[in-house]
Amino acid sequence: MQNTDQHARPIVAAAQGAPTLLVEGLSKSYGSTRALDGVDLRVEAGTILGLLGPNGAGKTSLVSIVAGLRRPDAGRVEVCGIDATRSPHQTRRLIGIAPQETGVYLSLRVRDNLRFFAGLAGLSRAQVGARVDEVATALGLAPLLDRRASQLSGGERRRLHTAIALLHHPALVLLDEPTTGADVVTRRQILDLVRGLADDGSAVVYSTHYLPEIETLNADVAFIDRGRIVARGTTAELVRTHGTSALELTFIDAVPMSARVDGAIVDGTTVRIPGGDPAARAAELLPRLGADARSLTSIEIERPSLESVYLAVTGRRYASDPTEPLSLEVSA
Amino acid sequence: MISLRRLGVILRHELRISMRDPFSLLVLVVFPIITMAFLKPAFRAALQQSGFPHANGAEQVVPGQAVVGAFFIVGVTTFAFFSEFAWMTWDRLRASPATSLEIVLGKAIPRVAMVLAQFVIVLGTGVLLFDLHFSGNALALIPLVIVFSISLVLLGVAVTAICRTLQQANSFAYVGMVLFGAIGGALVPFNVLPRWAKAVAPATPTYWAMRGFHSVILGGDGLGAMAAPIAALGAMSVLFVLISLRRLRFDETKVAWA
Numbered sequence: 001m002q003n004t005d006q007h008a009r010p011i012v013a014a015a016q017g018a019p020t021l022l023v024e025g026l027s028k029s030y031g032s033t034r035a036l037d038g039v040d041l042r043v044e045a046g047t048i049l050g051l052l053g054p055n056g057a058g059k060t061s062l063v064s065i066v067a068g069l070r071r072p073d074a075g076r077v078e079v080c081g082i083d084a085t086r087s088p089h090q091t092r093r094l095i096g097i098a099p100q101e102t103g104v105y106l107s108l109r110v111r112d113n114l115r116f117f118a119g120l121a122g123l124s125r126a127q128v129g130a131r132v133d134e135v136a137t138a139l140g141l142a143p144l145l146d147r148r149a150s151q152l153s154g155g156e157r158r159r160l161h162t163a164i165a166l167l168h169h170p171a172l173v174l175l176d177e178p179t180t181g182a183d184v185v186t187r188r189q190i191l192d193l194v195r196g197l198a199d200d201g202s203a204v205v206y207s208t209h210y211l212p213e214i215e216t217l218n219a220d221v222a223f224i225d226r227g228r229i230v231a232r233g234t235t236a237e238l239v240r241t242h243g244t245s246a247l248e249l250t251f252i253d254a255v256p257m258s259a260r261v262d263g264a265i266v267d268g269t270t271v272r273i274p275g276g277d278p279a280a281r282a283a284e285l286l287p288r289l290g291a292d293a294r295s296l297t298s299i300e301i302e303r304p305s306l307e308s309v310y311l312a313v314t315g316r317r318y319a320s321d322p323t324e325p326l327s328l329e330v331s332a
Numbered sequence: 001m002i003s004l005r006r007l008g009v010i011l012r013h014e015l016r017i018s019m020r021d022p023f024s025l026l027v028l029v030v031f032p033i034i035t036m037a038f039l040k041p042a043f044r045a046a047l048q049q050s051g052f053p054h055a056n057g058a059e060q061v062v063p064g065q066a067v068v069g070a071f072f073i074v075g076v077t078t079f080a081f082f083s084e085f086a087w088m089t090w091d092r093l094r095a096s097p098a099t100s101l102e103i104v105l106g107k108a109i110p111r112v113a114m115v116l117a118q119f120v121i122v123l124g125t126g127v128l129l130f131d132l133h134f135s136g137n138a139l140a141l142i143p144l145v146i147v148f149s150i151s152l153v154l155l156g157v158a159v160t161a162i163c164r165t166l167q168q169a170n171s172f173a174y175v176g177m178v179l180f181g182a183i184g185g186a187l188v189p190f191n192v193l194p195r196w197a198k199a200v201a202p203a204t205p206t207y208w209a210m211r212g213f214h215s216v217i218l219g220g221d222g223l224g225a226m227a228a229p230i231a232a233l234g235a236m237s238v239l240f241v242l243i244s245l246r247r248l249r250f251d252e253t254k255v256a257w258a
């Protein structure tokens with residue numbers, strides 16, 4: 001995005017040397033459900049943090065607390081060196097948030113939606129017009145500025161929703177599942193935009209349960225699982241440290257004995273054989289299946305990825321519903 | 001602390017939203033004028049039997065219908081909050097630098113202005129089309145109407161604070177309109193109400209508004225007669241503010257369409 005005025009640059013960290021976002025020991029419970037359990041995070045200016053985890057892992061709770069929408073039970077949140085739990089009104093000027101649910105004023109024009117939030121964020125009348133045009137252009141909304149939000153498609157509304165978070169070019173951008181329900185074009189535009197924001201100096205926390213998006217962004221990663229950060233590092237580091245390759249075979253019925261090689265992990269009708277060169281293992285194993293090969297429904301070669309990192313650090317497959325444990329059976 | 005600049009942004013935004021769907025504003029004005037037209041003859045007889053031999057009915061029906069119509073603002077105010085939940089914009093608003101007070105004032109002030117405009121139009125129509133005369137000082141009604149308008153909007157905020165769903169808030173607003181309108185002597189002359197209704201009437205804002213109107217229109221009074229109604233409406237406003245302060249939770253999730 002082109003910077004045109006002082007509000008088009010990320011607001012400088014209030015305390016020199018302070019990270020844009022610092023989270024320490026953050027905990028939050030809803031009744032007996034522990035949503036966050038001692039979360040620590042540090043996000044520097046100009047970086048993207050992919051907050052990864054299945055639905056219900058605690059991503060939205062974390063984002064909401066950082067944005068000042070929820071109060072933590074314990075812990076500390078600092079944005080640019082300012083305590084966000086004690087001075088939420090000060091830190092809100094530094095944060096741009098696009099919550100998980102698409103929230104726009106449907107009866108108003110796209111332009112009016114953008115102008116309203118730009119005004120609230122503190123941009124002067126003179127700055128609002130230029131910044132609205134700038135953000136609208138970046139997200140492909142420029143031809144739609146005079147259209148009512150109710151007349152937009154789902155993807156267009158999602159882009160407007162995201163654009164609102166960026167109007168004051170905040171130091172910290174919180175995008176909670178920004179591509180949920182988005183079409184391919186919208187998804188690509190949002191990912192491009194996120195890269196651009198980091199290049200311009202903003203810190204971006206990108207919460208998602210779509211692992212490939214984070215791999216595409218090549219972002220730093222924090223895996224959150226049941227309210228805890230279970231792995232943290234760059235995509236490359238995590239994949240190098242925890243990622244494994246695997247061969248995965250799925251059968252119509254139970255996994256036959258011929259496929260239960262040493263180290264194989266059986267999960268219902270699927271057998272996963274981790275490690276080594278999966279293509280070579282497939283070439284070796286398939287002939288040994290003999291007649292059992294007729295009940296094969298799929299053969300998958302899995303290269304080291306964030307999905308395999310998640311499996312390695314949690315012992316569970318990456319699934320949208322974390323409450324469904326997979327019953328894994330390891331062959332002797 | 002209130003930022004007047006941010007408050008101005010919210011005020012303009014609320015007016016813009018209201019102008020995009022002006023139906024509720026039209027109801028505020030059109031409903032009382034229509035009902036005035038066919039209720040006036042009935043009230044002529046009622047007022048004449050109540051000791052006002054020269055009354056033409058407008059003395060009751062014009063302020064009465066204006067007061068009942070103004071009650072629509074309670075529902076309009078609650079909707080201004082609940083629609084944020086329907087549009088999923090409430091959290092966006094809360095995450096902005098706007099303070100809670102700025103958000104509430106930004107929603108309340110335009111609604112007070114709407115009720116004031118409604119009174120000007122409806123009372124003006126009463127004078128021009130329904131032969132309404134003021135035997136006292138009409139200007140004395142200005143503070144009364146302002147305080148009454150504020151109390152209704154604050155009631156709307158309090159109803160929002162208490163109710164979790166839009167259905168609850170709507171029921172409260174519309175049942176309140178009919179009930180308070182009847183007991184307070186706006187729908188029917190106060191004199192014809194049963195004794196129990198007369199006893200509880202002072203607990204309604206409608207009663208005090210109608211008492212003020214009657215003082216000026218029928219009683220020939222001036223500003224002095226407004227003291228008691230204004231004090232009572234002011235006390236009710238304070239009560240509604242206290243309820244709102246105690247019950248309005250900005251992090252509460254409200255249900256807009258169920």
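Protein chains in written order, with the numbering used here: chain A, 1 to 332; chain B, 1 to 258.
Cβ atoms here follow ideal geometry from the backbone N, Cα and C, with glycine treated the same way.
Note that the structure is a prediction, hence the values are computed from the model and not measured.
So what's residue i in DSSP terms, helix, strand or just coil?
i	result
Pro99 of chain A	coil
Phe223 of chain A	strand
Tyr30 of chain A	strand
Thr208 of chain A	strand
Ala14 of chain A	In this prediction, Ala14 of chain A has a pLDDT of 48, which is less than 50 and means its spatial position is unreliable; what the coordinates show is noted afterwards. Coil.
Thr35 of chain B	helix
Phe130 of chain B	coil
Thr323 of chain A	For Thr323 of chain A, the pLDDT reaches just 42, beneath the cut-off of 50, and the residue's location in the model is therefore unreliable, although a value from the coordinates is still provided. Looking at Thr323 of chain A - three-state DSSP - the assignment turns out to be coil, as it is neither helix nor strand.
Val255 of chain B	strand
Arg317 of chain A	coil
Ile252 of chain A	coil
Val230 of chain A	strand
Asp267 of chain A	strand
Arg148 of chain A	strand
Ala348 of chain A	One cannot answer for residue 348 of chain A here, as it falls past the ends of chain A, which runs 1 to 332.
Gln6 of chain A	Bear in mind that the predicted position of Gln6 of chain A carries a pLDDT of just 44, short of 50, making it unreliable; the figure below should be weighed with that in mind. Of the three classes helix, strand and coil, the one that applies to Gln6 of chain A here is helix, per DSSP.
Val23 of chain A	strand
Gly181 of chain A	coil
Gly53 of chain A	coil
Ala291 of chain A	helix
Figure out for me which residue from the options has the closest Cα to the Cα of residue i.
i	options	result
Ala58 of chain B	B:Arg249, B:Ser135, B:Leu193	B:Ser135
Gly106 of chain B	B:Ala203, B:Pro205, B:Arg12	B:Arg12
Leu39 of chain B	B:Gln65, B:Ile243, B:Phe81	B:Gln65
Pro170 of chain A	A:Leu191, A:Arg147, A:Ser153, A:Leu197	A:Leu197
Leu187 of chain B	B:Ala169, B:Tyr207, B:Trp196, B:Ala173	B:Tyr207
Thr137 of chain A	A:Thr162, A:Gly119, A:Arg76	A:Thr162
Asp131 of chain B	B:Leu15, B:Phe23, B:Gln60	B:Gln60
Gln90 of chain A	B:Met88, B:Ala98, B:Trp87	B:Ala98
Gly46 of chain A	A:Val239, A:Thr314, A:Val173	A:Val173
Ile142 of chain B	B:Leu15, B:Arg195, B:Gly222, B:Ser3	B:Gly222
Ala254 of chain A	A:Tyr310, A:Val271, A:Asp262, A:Val261	A:Val271
Thinking C-beta only, is residue j closer than 8 Å to residue i?
i	j	result
Ala256 of chain B	Ser83 of chain B	yes
Ala283 of chain A	Ile301 of chain A	no
Arg354 of chain A	Gly68 of chain A	The requested residue 354 of chain A does not occur in the structure, where chain A is confined to residues 1 to 332.
Glu78 of chain A	Leu26 of chain A	no
Ala246 of chain A	Leu51 of chain A	no
Val264 of chain B	Ser171 of chain B	The structure shown does not extend to residue 264 of chain B, since chain B is modelled only from 1 to 258, so the question has no answer here.
Leu179 of chain B	Gly185 of chain B	no
Gly155 of chain A	Arg92 of chain B	no
Ile48 of chain A	Tyr206 of chain A	yes
Glu165 of chain A	Leu106 of chain A	Position check: residue 165 of chain A holds Ala in this sequence, whereas Glu was assumed. No, Cβ-Cβ distance for Ala165 of chain A and Leu106 of chain A is not below 8 Å.
Leu114 of chain A	Leu193 of chain A	no
Leu167 of chain A	Leu123 of chain A	yes
Within the continuous beta strand (DSSP E) that includes residue i, where are the two ends?
i	result
Thr270 of chain A	270-274
Gly38 of chain A	33-43
Val2 of chain B	Here residue 2 of chain B turns out to be Ile, not Val, going by the sequence shown. Unbroken run through Ile2 of chain B: none, as it is neither H nor E.
Thr346 of chain A	It is not possible to answer for residue 346 of chain A, since the shown part of chain A is limited to 1 through 332.
Thr91 of chain A	Careful: Thr91 of chain A lies outside any beta strand (DSSP E), inside the alpha helix (DSSP H) at 88-92.
Gly220 of chain B	Gly220 of chain B -> no beta strand (DSSP E), and no H or E assigned at all.
Assuming residue i is part of the alpha helix (DSSP H), what are its boundary residues?
i	result
Asp199 of chain A	184-199
Phe82 of chain B	72-86
Asp176 of chain A	Looking at the DSSP string, Asp176 of chain A is not in any alpha helix (DSSP H); the run it does join, the beta strand (DSSP E), is 172-176.
Gly156 of chain B	141-162
Phe117 of chain A	110-120
Report the residue ranges of all beta strand (DSSP E) runs contained in full by the region 56-83 of chain A; include only those spanning at least 3 residues, in chain order.
74-79
May I ask you to list, following chain order, the residues of the region 12-28 of chain B that have a beta carbon less than 9 Å from some beta carbon of chain E?
As a matter of chain content, chain E is missing from the structure shown, whose protein chains are A and B.
At 4 residues or longer, what runs of the alpha helix (DSSP H) sit wholly inside the region 156-213 of chain B?
166-183, 195-200
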